[in-house]
Amino acid sequence: MLNSNPNRKYVVGGIVLAVTLVYMLRLFYIQVIDKSYQLSSKNNSQLRVVEYPGRGMIFDRFGKPMVYNEAVFDLLVLPQQTKAFDTMDLCRILSVDLMEFRESMKKAREYSRYRQSAVVRQITPEQKAALNEKLFQFPGFSFQIRTQRKYPQSVAPHVLGYVGEVNQTDINADTYYQGGDYIGKSGLESEYEPYLRGRKGISYQLVDVHHRLQGNFENGRFDTIAQPGRKLTITIDAGLQEYGEKLLAHKKGSIVAIEPSTGEILAMVSSPGYDPNELVGRIRGKNFERLMNDSLMPLFNRATMSRYSPGSIFKIVQALIALQEGVIDEFYSVDCNKGIIGCHNHPNAHGLREGIMYSCNPYFYNVYRRIILQGKSTSQFQDSQIGLKTWYQMVCSFGLGQVLQTDLPGIKPGLIPDVAYYNKWYGANRWAFSTIFSNSIGQGEVETVPIQIANLAAIIANRGIYYVPHFVKSIEGVDSIPEKFRVPHHTAIDTKYFDVVADGMQMVVNQQGGTGSRAQVPGVIVCGKTGTVQNSGGKEDHSGFFAFAPKDRPRIAIVAYVESSGAGGVYAAPIASLMIEKYLNGTITQTDKELAILEYKQF
Amino acid sequence: MANPRTNFIARLDWVTIILFLVMVGFGWMNVFASSRNEGTGGSLFDFSQRYSKQFYYILTALVIAIFTLTIDGKVWSFFSFPIYIVTLLILPITIIIGKEINGARAWIFIGSFSIQPAEFTKFATALALAKILSAYNFVVQKPRNLMTIGAVLGIPMILILAQKDTGTALVFLVFVLVLFREGMSWVVLFVGGLAILLFVLTMLVPIPVLLAVISVIALGLTWLYQRNFKFFYIGFLSLGILFGLASLASTYLGQDWSLSRMFFLASFVAFLIWLTIILRKRHNPLLLILLTWFGAILFIFSVDFVFHEVLQEHQQSRINNILGLESDPLGRGYNLNQSKIAIGSGGFFGKGFMQGTQTSLNFVPEQSTDFIFCTVGEEWGFMGSLMVLGMFSGLILRLIFLAERQRSAFSRIYGYGVASILFFHFAINIGMTIGIVPVIGIPLPFFSSGGSSLWAFTLMLFIFLRLDTDRYQIVS
Chain F
458 MLNSNPNRKY VVGGIVLAVT LVYMLRLFYI QVIDKSYQLS SKNNSQLRVV
508 EYPGRGMIFD RFGKPMVYNE AVFDLLVLPQ QTKAFDTMDL CRILSVDLME
558 FRESMKKARE YSRYRQSAVV RQITPEQKAA LNEKLFQFPG FSFQIRTQRK
608 YPQSVAPHVL GYVGEVNQTD INADTYYQGG DYIGKSGLES EYEPYLRGRK
658 GISYQLVDVH HRLQGNFENG RFDTIAQPGR KLTITIDAGL QEYGEKLLAH
708 KKGSIVAIEP STGEILAMVS SPGYDPNELV GRIRGKNFER LMNDSLMPLF
758 NRATMSRYSP GSIFKIVQAL IALQEGVIDE FYSVDCNKGI IGCHNHPNAH
808 GLREGIMYSC NPYFYNVYRR IILQGKSTSQ FQDSQIGLKT WYQMVCSFGL
858 GQVLQTDLPG IKPGLIPDVA YYNKWYGANR WAFSTIFSNS IGQGEVETVP
908 IQIANLAAII ANRGIYYVPH FVKSIEGVDS IPEKFRVPHH TAIDTKYFDV
958 VADGMQMVVN QQGGTGSRAQ VPGVIVCGKT GTVQNSGGKE DHSGFFAFAP
1008 KDRPRIAIVA YVESSGAGGV YAAPIASLMI EKYLNGTITQ TDKELAILEY
1058 KQF
Chain P
420 MANPRTNFIA RLDWVTIILF LVMVGFGWMN VFASSRNEGT GGSLFDFSQR
470 YSKQFYYILT ALVIAIFTLT IDGKVWSFFS FPIYIVTLLI LPITIIIGKE
520 INGARAWIFI GSFSIQPAEF TKFATALALA KILSAYNFVV QKPRNLMTIG
570 AVLGIPMILI LAQKDTGTAL VFLVFVLVLF REGMSWVVLF VGGLAILLFV
620 LTMLVPIPVL LAVISVIALG LTWLYQRNFK FFYIGFLSLG ILFGLASLAS
670 TYLGQDWSLS RMFFLASFVA FLIWLTIILR KRHNPLLLIL LTWFGAILFI
720 FSVDFVFHEV LQEHQQSRIN NILGLESDPL GRGYNLNQSK IAIGSGGFFG
770 KGFMQGTQTS LNFVPEQSTD FIFCTVGEEW GFMGSLMVLG MFSGLILRLI
820 FLAERQRSAF SRIYGYGVAS ILFFHFAINI GMTIGIVPVI GIPLPFFSSG
870 GSSLWAFTLM LFIFLRLDTD RYQIVS
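Keeping their order, the protein sequence lines are chains F and P. The numbering of the first sequence is my numbering, which starts it at 458 and goes up by one. The numbering of the second sequence is my numbering, which starts it at 420 and goes up by one.
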């Protein structure tokens, strides 16, 4: 074709020159004017070395170690420095699955080719030694020392909780964490994470162009030394805890024991449980899955999460409210009229003490009726509302129907129905005492969790006050435990009314005809109350018992539940008895009682 | 000095040859500096090292250069189509027998030796294009001719895209510069520039805002032509009413239409109405404004669609990264970030030969291939970068100058082709390392390590130098 448009060469040339000029200016800016890139390049040639501190140990109330650390190793990889290597050999030495290993190598490359990440975790010192000899065949790989939890008594898994690798949510929530760090995932490990984790140490090493270490950056001015985690002493009595777990072995149930004068939890057993050593190290994933899928739900902490109707134990609360409201006195008597509400065969109750001793249902039907229907309105609907409102406030003052602000995460509140609750169900002015009378004997809508009932025992032991049940006894380097565990909470009931109830509870255990005679402990006055929880679906009732001992200056308040095992006196009472004896006397004299419990197996 | 009309050596363009030699030599120094820590041991001429391999590639390239100069220039014009077709045929074969590297099936292995056929497609396409355009009385503007050109450029692009080598495929767009020099309309350059601008804006600005802004600009332009606000008001009002109707329809039909969809519907209806009015009244300037306005809207929606529905995630990320919409310095943004750090840390005079920490410590990825400019920037500083920019723009401008002095149209057009390809590689590669254009994996000519690209560029350049020596011959 003809040479048309010869002038357009200036346009093309102009474009070339324009681009060159723009690039020159840009290069002038990033190379000469902007100094930040030179700083970044320094950071690149520094090696950031992290030193992981040992996690804080956990001791029981007598200073016996319950959780300590063992050394293990992580295998780190810097993907960009790796060469072809014998993957099979590496997996064989470390006994890891080939596919899993490839998957973690892929993840490491995806995270960054230029940063280290851990590909195999929890390598034992023996495996590490075996690989160390051959490490030169595996460029790009190195070891890092870590620690792993160890539980000498293998007890209290639900209380202590477990430790696991941080997930993305943890990393986003707290900049302290980086991928591969460990964090308390549940229980006290999670609650006291900031104390237990310690502080990672970081040192900055300089490397030269040949990647050789050239010493510390600025003589270590920016380095921090790792600080080990703080020691945590908890209120658990490891011996009592171990004994409680032994008693509940092969049964579904829970035990919570509290020191009434302080609110310190002496033991918290949930059965079936698991060996906390199972959820450590590389076996953790597999075991966790197995425990998750177990139909007996061993991961579930029954002591804080199982919602039961309190059953007859709740009669104690009804009695106290009625006394406080002045609707009955200690001499109030009712004939056992099974026409109103079902009951077992027992003599008529003369006075409140016998009402409690016999656990008479018609008696407490009438007590609750007097609380709810006080004649403050002519409409029985209105009157029931007024009565329930007062009742609700008083019940709540026992710490029921709410989450106890303890130091174990995941506690359930249970349920105490209020006016709004029934209005929602039935509609306003569509319900009255006759609708809700089941609450009188702890059935109906009322629900509690075991730790609340243990606290209730502590309240009666203390004659009207409680300290929020808790596990922390002391933290290394911290002057005192949190304020919330040191202030007494007062119930809405005057102290003077508690003695009558305590008398009744003493008779439950120690008087001929009482429902809880199996809770007796030789030489100790035990006050208790049975609670038989109707189990829905026609299955065997849950057996419940709560108690405190001794009657004067009580040292232990306790609740025991055995699911689907019949009346409260049968299994729950002797378990409470044995726990009390173990704690107060240190030895067990009731060996036949112990044997009967140990021989009873549900699964 | 010998007479160029009689002496072949004197006819050679030594400026270009010296630039070529300096670039290749300086390139090898940088490959050596950046790859010296890659392996362990190995002597300078041991074939196992990247820099020693590169040394042999350079020797081979020199042989290719000398050999090419001895071949009669007419061969290239005569065999341009066969060469073009052969290189095209190799591309699908590569897809079948080739080995996948970095997600692209662009390499053929012969023993331990690898070759990237797409590199050679570039000069072959330049030859074919030169052959077509140089035909007597060929006019670029003719629709039939445009279709031929589109096919010659489009086929290799599609085949290379099929290899998933997007970077190399994009190179063929640069032939627009050649077409422009040979008489293609300004409109293409203008529309191309507008498209790039709109593309960037679509990524950066929320679509409803962008649509509103370009509509206001279009209505403003009507004022420029009419010198009164009549169309401005009418346009504004009608768009507003239609938009209101669209949102009413959305509510009435129970559809949860997005703002941009309602805007699109309103604009589409408005476009049809105005088009009929303007066509009837024969307002040509207004028609131009209307078509540009609606074309821009269509373009914005298709960019949005392609970006979200067609592009793969890593491609989206690279674009987002360059536009500053996404920051992922350890992952996808790593290459770009590290490359800027390396270049930026060089300062004015650089850290000195083999003293770079960023590139030699393997902080920068692909440091001896696509990111070789990082080593230049780090070790030679702003002075070194300036020198490289100078050499490249000097070479390209020299080639344009040489192309313009050709009597033969074929030689001129081919020369422009060579200059354009070099320009594209230069602009994209260096632009990428300094964060001005997205990360597109194409090599820096004569610098990046690797045999195929060096040989292809050498061949391409020396064919033109040979053609240049024939410049005194009678145009046949």
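Heads up, the beta-carbon is just placed ideally off N, CA and C, and yes, glycines get one too.
Just tell me which of the options has its CA closest to the CA of residue i.
i	options	result
glutamate 797 of chain P	F/Tyr634, F/Ile487, F/Ala724 and F/Met762	F/Ile487
glycine 796 of chain F	F/Phe928, F/Cys817 and F/Pro522	F/Cys817
isoleucine 770 of chain F	F/Phe821, F/Trp848, F/Ala565 and F/Ile982	F/Phe821
serine 666 of chain P	P/Gln535, P/Leu678, P/Ser657 and P/Ile626	P/Leu678
aspartate 936 of chain F	F/Arg687, F/Leu645 and F/Gly921	F/Arg687
arginine 518 of chain F	F/Thr761, F/Tyr815, F/Ile628 and F/Ile715	F/Ile715
threonine 989 of chain F	F/Gly720, F/Val981, F/Val983 and F/Asp998	F/Asp998
glycine 659 of chain P	P/Ser634, P/Tyr644 and P/Gly673	P/Ser634
asparagine 476 of chain F	P/Ile815, P/Ser867 and P/Asn449	Per the sequence presented here, residue 476 of chain F reads as valine, with asparagine not at that position. The shortest Cα separation from valine 476 of chain F among P/Ile815, P/Ser867 and P/Asn449 belongs to P/Ile815.
isoleucine 529 of chain P	P/Val593, P/Thr695, P/Val443 and P/Thr513	P/Thr513
phenylalanine 650 of chain P	P/Leu608, P/Leu709, P/Thr877 and P/Glu601	P/Leu709
alanine 761 of chain P	P/Ala846, P/Gln734, P/Thr852 and P/Arg826	P/Thr852
aspartate 792 of chain F	F/Ile785, F/Lys846 and F/Gly808	F/Gly808
valine 616 of chain F	F/Tyr568, F/Lys941, F/Met523 and F/Thr581	F/Met523
threonine 719 of chain F	F/Gly1026, F/Thr1048 and F/His927	F/His927
glycine 513 of chain F	F/Glu1038, F/Gly980, F/Tyr1018 and F/Arg654	F/Arg654
glycine 641 of chain F	F/Gly799, F/Gln605, F/Lys941 and F/Phe595	F/Gln605
glycine 654 of chain P	P/Tyr644, P/Leu638, P/Leu643 and P/Phe591	P/Leu638
leucine 481 of chain P	P/Thr670, P/Leu878, P/Leu608 and P/Arg699	P/Leu878
isoleucine 917 of chain F	F/Pro1011, F/Ile938 and F/Ser931	F/Pro1011
tyrosine 789 of chain F	F/Cys853, F/Thr948 and F/Asn805	F/Asn805
valine 837 of chain P	P/Val450, P/Leu431, P/Thr540 and P/Arg430	P/Thr540
Assuming residue i and residue j form a contact by the criterion Cβ under 8 Å, report the distance between their Cβ atoms to the nearest whole angstrom.
i	j	result
valine 644 of chain F	leucine 913 of chain F	Sequence check: residue 644 of chain F is glycine here, not valine. About 23 Å; that fails the 8 Å criterion.
alanine 1004 of chain F	alanine 1024 of chain F	That belief does not hold up - the Cβ atoms of alanine 1004 of chain F and alanine 1024 of chain F are roughly 15 Å apart, past 8 Å.
proline 1031 of chain F	lysine 1058 of chain F	Contact flag wrong, Cβ pair sits at about 15 Å.
valine 713 of chain F	alanine 911 of chain F	4 Å
glutamine 448 of chain F	phenylalanine 530 of chain F	With chain F covering only 458 through 1060, there is no way to say anything about residue 448 of chain F.
aspartate 789 of chain P	serine 867 of chain P	6 Å
alanine 846 of chain P	glutamate 538 of chain P	Not really, about 18 Å apart at Cβ, beyond 8 Å.
Residues within the segment 617-640 of chain F neighbouring chain P, beta-carbon criterion of under 9 Å: none
Contact the segment 620-636 of chain F vs the segment 475-489 of chain F: 3+ CB pairs below 8 Å: no
Residues in the segment 471-487 of chain F having any Cβ partner in chain P nearer than 8 Å: Ile472, Val473, Leu474, Val476, Thr477, Val479, Tyr480, Met481, Arg483, Leu484, Phe485 and Ile487
Near-chain F residues of the segment 844-857 of chain P (beta-carbon distance less than 9 Å), N- to C-terminal order: Phe845, Ala846, Ile849, Gly850, Ile853, Gly854 and Ile855
The segment 869-883 of chain P: positions lying closer than 9 Å to chain F by Cβ: none
Cβ pair count under 8 Å reaching 3, the segment 812-832 of chain P against the segment 545-554 of chain P: yes
Segments assigned beta strand (DSSP E), at least 3 residues, entirely inside the segment 529-615 of chain F: 574-580 and 598-607
Any beta strand (DSSP E) of 3 or more consecutive residues that is wholly inside the segment 526-555 of chain P: 532-534
Contact the segment 580-587 of chain P vs the segment 681-696 of chain P: 3+ CB pairs below 8 Å: no
At least 3 beta-carbon pairs within less than 8 Å: the segment 855-862 of chain F vs the segment 955-968 of chain F: no
Members of the segment 827-841 of chain P that neighbour chain F once the beta carbon cut-off is set at 9 Å: Ala828, Arg831, Ile832, Tyr835, Ala838 and Ser839
Sequence ranges, alpha helix (DSSP H) only - wholly within the segment 565-609 of chain P, length at least 4: 585-590 and 594-600
Within the segment 707-780 of chain F, ranges of the alpha helix (DSSP H) (whole runs, at least 4 residues): 741-750 and 759-762
Three or more C-beta pairs below 8 Å linking the segment 899-917 of chain F and the segment 691-698 of chain F: no
Touching by the beta-carbon criterion (3+ pairs, under 8 Å), the segment 526-545 of chain P and the segment 875-889 of chain P: yes
Three-pair Cβ contact test at 8 Å for the segment 792-806 of chain P versus the segment 758-774 of chain P: yes
The segment 962-973 of chain F contacting the segment 714-729 of chain F, beta-carbon criterion three pairs below 8 Å: no
Cβ contact (3+ pairs, closer than 8 Å) linking the segment 804-821 of chain P and the segment 467-474 of chain F: yes
Cβ contact (3+ pairs, closer than 8 Å) linking the segment 772-779 of chain F and the segment 848-857 of chain F: yes
Continuous beta strand (DSSP E) assignments of at least 3 residues falling wholly in the segment 459-505 of chain P: none
Residues within the segment 596-607 of chain P neighbouring chain F, beta-carbon criterion of under 8 Å: Leu596, Phe599, Arg600, Glu601 and Gly602
Any 3 or more C-beta pairs closer than 8 Å across the segment 734-750 of chain F and the segment 940-960 of chain F: no
Residues from the segment 757-776 of chain P in contact with chain F, defined by Cβ distance under 8 Å: Gln757, Lys759, Ile760, Ala761, Ile762, Gly763, Ser764, Gly765, Gly766, Phe767, Met773, Gln774, Gly775 and Thr776
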